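Notes for the one structure printed next.
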Amino acid sequence: QVQPSHPSIRLWQDSQEALVAEDVAIAPPVQHTSKARFLAGEDIAFCGEARPLQRVYFLGEGTASAVEFQPMGPSEALIELVRHSFLLDIEEQAMLASHFDRLARLVSAPIFYRLDYPRRYEDLALVRQAIIEHATEEGEVA
545 QVQPSHPSIR LWQDSQEALV AEDVAIAPPV QHTSKARFLA GEDIAFCGEA RPLQRVYFLG
605 EGTASAVEFQ PMGPSEALIE LVRHSFLLDI EEQAMLASHF DRLARLVSAP IFYRLDYPRR
665 YEDLALVRQA IIEHATEEGE VA
C-alpha cells in the first residue's frame with residue numbers, strides 16, 4: 545500500500561502558466577524551492593486513501609519522439625529509488641538499513657519503468673492516456 549502525501553502540487557512558472565487555471569487555490573510556498581504550490585480541489589485531483597502500488601515510473605531524458613515505456617531491472621530501479629529518496633537523518637544507521645531493506649524487497653516486483661515522451665504541453669493528454677493504458681495492461685488500477 546502507498547500512503548498519500550500532502551494534497552498539493554508544485555510547479556515551475558512555465559508549467560503553472562500552461563496547466564493551471566487562474567482560480568486554483570495557491571498554497572503557501574515551500575522554503576526550499578521557488579516553485580509555486582497549488583492545493584488539490586476540483587481542478588487538481590487527489591486521492592486521500594492508501595492504494596496498492598502497481599507501477600513506478602521514472603522520467604526519461606525527454607528525447608523520445610513518442611511516449612515510450614521501458615521496463616527497468618531491479619538494480620536500475622534500486623538506484624533510481626535511492627536517488628529519489630529523502631531521509632531526514634542519514635546518520636541513523638538502523639533507519640538507513642531498514643530503508644534500504646524495504647527498497648531491496650520492493651524492486652523485486654516487475655513494476656518499474658522508464659517513461660519518456662516529447663516535452664510538449666499540448667501532448668500531455670496523450671501522455672496521460674498512454675500511462676493509464678500501460679498501467680492497466682497487466683492489472684486493474686484501483
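Per our numbering, residue 545 is the first one in the sequence shown, and the count goes up by one each step.
Don't be surprised by glycine CBs; every beta carbon is placed ideally from N, CA and C.
Being a predicted model, the structure only gives us computed values, none of them experimental.
Under the three-pair Cβ rule at 8 Å, the stretch 621-634 does not count as touching the stretch 671-682. Using a 10 angstroms sphere on the CB of residue 599, the tally of other CB atoms reaches 16 or more, which defines it as buried. A contact between stretches requires three or more CB pairs, one per stretch, nearer than 8 Å, and the stretch 570-587 meets this requirement with the stretch 550-559. A straight line joining the alpha-carbon of residue 643 with that of residue 624 spans about 14 Å.
Under the three-state reduction of DSSP, residue 634 is assigned to coil, being neither helix nor strand.
C-alpha of residue 649 to C-alpha of residue 581: approximately 33 Å in a straight line. In its chain, beyond the 5 residues on either side, 580 have a beta carbon closer than 6 Å to the beta carbon of residue 560. Remark: three or more beta-carbon pairs, one from each stretch, lie closer than 8 Å, so the stretch 659-667 and the stretch 606-617 are flagged as touching. The Cβ atoms of residue 546 and residue 603 do not sit closer than 9 Å to each other.
Taking C-beta separations shorter than 6 Å and ignoring five residues to either side along the sequence, the partners of residue 601 in its chain run 657 and 659, following chain order.
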